[in-house]
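Okay, so here's the structure we're looking at.
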Amino acid sequence: MFDYLIVGAGFAGSVLAERLARGSNKKVLLCDKRPHIGGNAYDNYNEAGILVHKYGPHIFHTNSREVFEYLSRFTEWRSYQHRVRASVDGQIVPIPINLDTINTLYGLSLTSFEVEEFYKKVAEPKERIKTSEDVVVSQVGRELYEKFFRNYTRKQWGLDPSELDSSVTSRIPTRTNRDDRYFTDTYQAMPLHGYTRMFENMLDHPNIKVLLNCDYREVEKDIPFREMVYTGPVDAYFDYRYGKLPYRSLEFKHETHNVGVYQSAPVINYPNEHLYTRVTEFKYLTGQEHSKTSIVYEFPQSEGDPYYPVPRKENATIYANYKALADSTPGVHFVGRLATYKYYNMDQIVAQALTVYSKMHSVKRKDALVMVSGLTRSGNGNGKAHHLPSPASQPTTQRQPITQT
Ligand code: FAD
Ligand code: UDP
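Note that numbering that gives the first Met the number 0 numbers the sequence shown so that position 167 is 166, with each residue one more than the last.
Quick look at the structure:
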């Protein structure tokens, strides 16, 4: 008899499997219909021997020391600050829009102070910021909105920014300085040996059995378990009783080129050209050295594997019905990006899973991280304290692997 059947071996399912097994000595069966663990964060070495992300670029960043410390039990890190460029008007310029973006695009040499005035002049103030269009137009005006955001968003979501919640484009700031980092979080790093290795370490426990290539519906009747953690799409769980929740999908086109470097930045966005939104060159992210290089194109689709919940009012209304149903389904915990219909990053999913774990056991979040051996959180298995991972603003020294007990 398993204590838990966990559906989905992505961040949500794997963190809960780890905590329930190692933290609470529960017996867990973790199943995934895919042939691998890691969910959308899965990475692998391709035929050329280059580490690639099968489901598009995954860059880890967080402001949560707790989340970073927790994951640091299972991986060493490579300090990495992500940078993205956009192809606009025949030029490759920084996105988020910053001082250099404006100067390059318009052939100017404004200072930070002057660019602030520039934004003020072109911005269209809005009384209420309701949509993703309002967010951008109220900060940088219509022309820059059209160059950088309108068509990218239409491609990515199949919707105009005016039809999307403000939270979508709010992910991208506007800057008056020359900071060209995509994220400014305190912790920015890539798992040194990849995400899949980190997941393997997380799930390496005698209480955790992993079943791949397995839809939970094939086994839920035959394998006895006490409770379920479900991390798949919430509408699928309830057989689409209140209609289908839209999830945006992507087609990934992977290529390997016989050159050392393919493009001038880790990611190049193409708002206005091509059917794809962006091209990622993996070696920038992983730091791998190799004579060839691998890239991936992302082509947005309406049908296919569900990747993105679509943040807009209509969908929030449908989700509210499913949430009410989920809340009144005893013995099943709905966790993760698909099951809670939230456009969450990896760190937010880890935090969500840790919160669910602490609620299951009526313990405080900080105590949810205590290992079963009784070590305090971030204990390294040998009773000695280890140094905190350095914040992104400081050079990161490589940390010692943490021994599991
Ligand atoms: P998932 O990883 O989707 O895991 C759910 C798992 O459930 C899947 O493996 C699925 O196969 C399985 N499943 C579903 N139904 C069933 C079933 N019936 N039976 C068995 N198994 C089932 N976040 C960042 O922080 N940084 C990034 O740079 C970043 N980039 C991203 C790029 C792309 C293209 C995408 C799509 C997402 C990106 N994210 C990024 C978000 C990140 O992928 C998610 O936050 C995270 O992977 C969510 O984890 P999860 O466990 O909730 O879901
Ligand atoms: N976006 C855009 N142009 C860009 C980058 C982003 O219009 O060059 C918008 C687009 O709607 C996108 C959203 O901002 O979906 C969030 O971008 P992010 O890079 O965070 O998307 P993700 O990595 O989650 O796909």
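Note that the Cβ used here is the ideal one computed from N, Cα and C, for glycine as well.
Sixteen is the threshold: since fewer than 16 other Cβ atoms of the shown chains lie within 10 Å of the Cβ of residue 44, the residue is exposed. With respect to the 8 Å criterion, residue 38 and residue 8 are classified as neighbours on the basis of their beta carbons.
Here the alpha carbon of residue 151 sits roughly 9 Å from the alpha carbon of residue 272. Per DSSP, residue 326 is one residue of the alpha helix (DSSP H) stretching across 312–326. Approximately 34 Å separates the beta-carbon atoms of residue 15 and residue 278; this is outside 8 Å, ruling out the contact. Residue range 83–87 is occupied by the beta strand (DSSP E) that includes residue 83. For residue 346, the enclosing alpha helix (DSSP H) starts and ends at 345–359.
By the CB criterion at 8 Å, residue 207 and residue 27 fall inside the cutoff.
The DSSP assignment places no complete beta strand (DSSP E) segment of no fewer than 3 residues inside the segment 146–172.
Taking 8 Å as the cut-off, the Cβ atoms of residue 42 and residue 194 count as close.
Per DSSP, the beta-bridge partners of residue 30 are 6 and 210. Judged by beta-carbon spacing, residue 36 lies within the 8 Å limit of residue 202, meaning their Cβ atoms are closer than that value. According to the DSSP secondary-structure assignment, residue 296 is paired through a beta bridge with 252 and 278.
Under DSSP, the beta-bridge partners assigned to residue 52 are 42.
At least one heavy atom of the ligand UDP sits closer than 7 Å to the Cβ of residue 167. Cβ-Cβ separation between residue 265 and residue 288: approximately 15 Å, too far for a contact (criterion under 8 Å).
Boundaries of the beta strand (DSSP E) around residue 186: 186–190. The beta carbon of residue 215 sits closer than 6 Å to those of 6 and 30, all from its chain and outside the five residues before and after it, given in chain order. Shown here, residue 194 sits in a helix according to DSSP, grouped into three states.
Shortest Cα-Cα distance from residue 135 to any of 106, 171 and 155 involves 171. In this structure, DSSP gives residue 138 a helical state, which the three-state scheme calls helix.
One alpha carbon belongs to residue 238, the other to residue 13, and they sit about 24 Å apart. Listed in chain order, the non-local C-beta contacts of residue 102 below 7 Å within the same chain comprise 108 and 109, local neighbours out to five positions each way being set aside. Rounded to whole angstroms, residue 300 and residue 307 show a C-alpha spacing of 11 Å. Looking at the backbone, the Cα of residue 224 and that of residue 325 are separated by about 19 Å. Residues 298 of the same chain have their beta carbon placed closer than 6 Å to that of residue 274, with the five preceding and five following residues left out of the count.
A distance below 8 Å between beta-carbons, with the five flanking residues on each side excluded, links residue 48 to the following residues of its chain, in chain order: 289. With fewer than 16 other Cβ atoms from the protein chains shown falling within 10 Å of its own Cβ, residue 211 counts as exposed. Scanning its chain for C-beta atoms nearer than 6 Å, with the 5 sequence neighbours on each side dropped, one finds around residue 269 the residues 86, in chain order.
Counting of Cβ neighbours within 10 angstroms places residue 112 among the exposed residues, the total staying below 16.
Closer than 7 Å to some heavy atom of the ligand FAD: that does not describe the Cβ of residue 85. Checking the 7 Å criterion, the Cβ of residue 240 is out of range of every heavy atom belonging to the ligand FAD. For residue 333, the closest alpha carbon among the candidates 235, 25, 57 and 253 is that of 235.
Counting every other CB atom within 10 Å of its CB across the protein chains shown gives residue 138 a total of 16 or more, marking it as buried.
When beta bridges are read from the DSSP output, residue 267 appears opposite 84 and 278.
At a cut-off of 7 Å, the beta-carbon of residue 152 counts as near the ligand UDP: some heavy atom of the ligand is closer than that.
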